[in-house]
Amino acid sequence: MYIWAMKNLNLVGTTWIGNSSLLDEELVGVFASDRSDILMPRRRDHWAADAGLEGCKVVGSFRNLSERNILEILLRYGGHAVWIVDRKLPTIYSSTCCQAFAEGRLLVVSCFWNDESLFSTRQYCADFVQRLASRLILWAPSSGGLMQRVASCAYRNGKLVEVH
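Residue numbers (my numbering): 1172 to 1335.
This is how it looks when you write it as structure tokens:
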């Protein structure tokens, strides 16, 4: 069991691997929908590559294919990431993630020990990402749903919400 404090949050009972000092940095929250127009993946991937080259630090749950692509591309181009996992920590990581761990550019955090992702754990992680982020970037959010709720909460908390 690990305990650490940052940004007025105390996390008890979490497990993590990677560079925990990333939690002290200004983080950009990213959410992406797998449903999008034909050009959206290209724009999203281009953004991730540019953000990586600029050394951007992002936070996300990276649970769907679109978000995983953002994570992989961002790390491949030198960016930093805090990955909030909605189940227990993965046991296998991509070579891009392993390289980022070695260079201190990745932190993976889980507050859960279950093998499966549940709606309640996804919701908790999305809220957690929103709390950690100084601003949010949303790629093709659907109307309503979890992404819309998180964006509304961030906006009410005075955070910039950028929608693509």
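Quick reminder that beta carbons are idealized off the backbone N, C-alpha and C, glycines included.
{"query": "Beta carbon of R1247 nearer than 7 Å to that of T1267", "result": "yes"}
{"query": "Boundaries of the alpha helix (DSSP H) in which S1323 is found, first to last residue", "result": "G1316 to R1327"}
{"query": "Separation of S1288 from E1274, as counted between CA atoms", "result": "29 Å"}
{"query": "C1282 burial status per 10 Å Cβ neighbour count (16 or more: buried)", "result": "buried"}
{"query": "Reduced DSSP category for S1237 - H, G, I as helix; E, B as strand; rest coil", "result": "helix"}
{"query": "Alpha-carbon spacing of T1186 relative to Q1319, whole angstroms", "result": "28 Å"}
{"query": "Buried versus exposed call for C1296 [16 or more other C-beta atoms within 10 Å across all chains shown]", "result": "buried"}
{"query": "Proximity below 7 Å, CB of L1303 to CB of V1199", "result": "no"}
{"query": "Beta carbon of D1205 nearer than 7 Å to that of L1236", "result": "yes"}
{"query": "Between the CA atoms of A1222 and G1316 - distance to the nearest angstrom", "result": "27 Å"}
{"query": "Own chain partners of N1190 with C-beta closer than 6 Å, once the 5 adjacent residues on each side are dropped", "result": "G1275 and L1278"}
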